[in-house]
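The next block holds one structure in the form of structure tokens; read it before the comments.
In full-length UniProt numbering, the protein residues as written are 1 to 355.
What follows is the structure, encoded as structure tokens:
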């Protein structure tokens, strides 16, 4: 089968891991380049010259087309798949109208640990799920200082912060495994009100930059399967046990404990599942059966993204989110933001969300 011809939108020239456009460059690009199932044939940035610079910076073939608008790359009949980030509700409606397959980059769904967890729960091995409690943390970065090129992370309205990126990925994993959320209450709290902004050479350019995005998120409620759940998502400066995720899933017949080390959110390393059936001994669960060959070919930070593209090429919708499924997640995310118990200086607002 001929490779899927890809057009990338918003690919920066950076080869680092921070700043606008860096995620596409550090994960999506290498995942696509190594795969025989895809071929990058076009880029679109804010201008044609910007796209040309990205083509040169990443040493893409000279035949790669450069575009300066979404319209131009969309009109290229030699492009089969466009990788882009826009308003999900509008995209989902357009995709349904056009009858095309879609994919959203919440790549934790391809994690062998998450896939095994979903299999165990779906099999009924621990009975009906009655309770889930989860504690998770984001990628640890100093709460005292923040780089100039990532200031948007500090702004709740930017759409590119811990709530809309790290917590969104965490929430999608939860809903993928446990089902949709029907009732919830939440608290959003910004513990670090100001942050030092640093520029080149770690020089402080603003000693008290205001921060509005939450660094602590608490969520509790009930899923559509009747499971009572509680989730705590926080941003520690350091970790007492080097674990980024701890899940306890209790069923009528047994319990599952899931742990994952620091930075598992990004890297495909070190998660564990422990399972106890009634009074039987606790066992460690192996999930390497879900690990695909591509995982051996790319850096650990690229594994989940590469696995997602592999699933999309095979039309295996059980391993990736679609625009329609992500609309559900984003509606929950927006409901959390809209109805949360928001802790400010002298104002406290509480609303119970029924969605």
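By construction, the Cβ of each residue, glycine as well, lies at the ideal position given by its N, Cα and C atoms.
Helix, strand or coil at residue i according to DSSP, with G and I counted as helix
i           : result
residue 192 : coil
residue 294 : helix
residue 244 : strand
residue 158 : helix
residue 204 : strand
residue 329 : helix
residue 185 : strand
residue 220 : strand
residue 418 : With the chain running from 1 to 355 in the structure shown, residue 418 is simply not present.
residue 130 : strand
residue 336 : helix
residue 312 : helix
residue 238 : coil
residue 317 : helix
residue 228 : strand
residue 213 : coil
residue 170 : helix
residue 137 : strand
Presumed contact (8 Å Cβ cut-off) between residue i and residue j, rounded CB distance
i           : j           : result
residue 162 : residue 198 : At roughly 18 Å, the Cβ-Cβ gap does not stay under 8 Å, so residue 162 and residue 198 are not in contact.
residue 304 : residue 34  : 14 Å between Cβ atoms; not a contact.
residue 212 : residue 154 : 7 Å
residue 73  : residue 92  : Contact flag wrong, Cβ pair sits at about 20 Å.
residue 167 : residue 233 : 5 Å
residue 8   : residue 24  : 7 Å
residue 274 : residue 284 : 6 Å
Residues near residue i by beta carbon distance below 8 Å, same chain, minus five either side
i           : result
residue 179 : 223, 224, 225, 227
residue 50  : 68
residue 297 : 34, 306
residue 214 : 156, 162, 163, 188, 189, 190
Own chain, CB closer than 6 Å to residue i, minus 5 neighbours either side, in chain order
i           : result
residue 134 : 231, 247
residue 143 : 192, 237
residue 260 : 244, 245, 271
residue 81  : 4, 6
residue 57  : 13
Cut-off 7 Å between Cβ atoms - residues of its own chain near residue i, not counting five sequence neighbours on either side
i           : result
residue 205 : 148, 197, 198, 199
residue 194 : 208, 209, 210, 211
* To do: Examine the Cβ distances between the stretch 307-324 and the stretch 34-41 and report whether three or more of them are shorter than 8 Å.
  => yes
* Whole runs of the beta strand (DSSP E) within the stretch 75-122, excluding any shorter than 3 residues -> 81-83
* Start-end ranges of the beta strand (DSSP E) lying completely within the stretch 5-75, minimum 3 residues -> 38-44, 65-67
* Inter-stretch contact (C-beta, 8 Å, three-pair minimum) for the stretch 166-185 and the stretch 322-337 -> Contact holds between the stretch 166-185 and the stretch 322-337, because three or more Cβ pairs, one in each stretch, are under 8 Å apart.
* Hey, is the stretch 249-260 in contact with the stretch 122-131, meaning 3+ C-beta pairs nearer than 8 Å? -> yes
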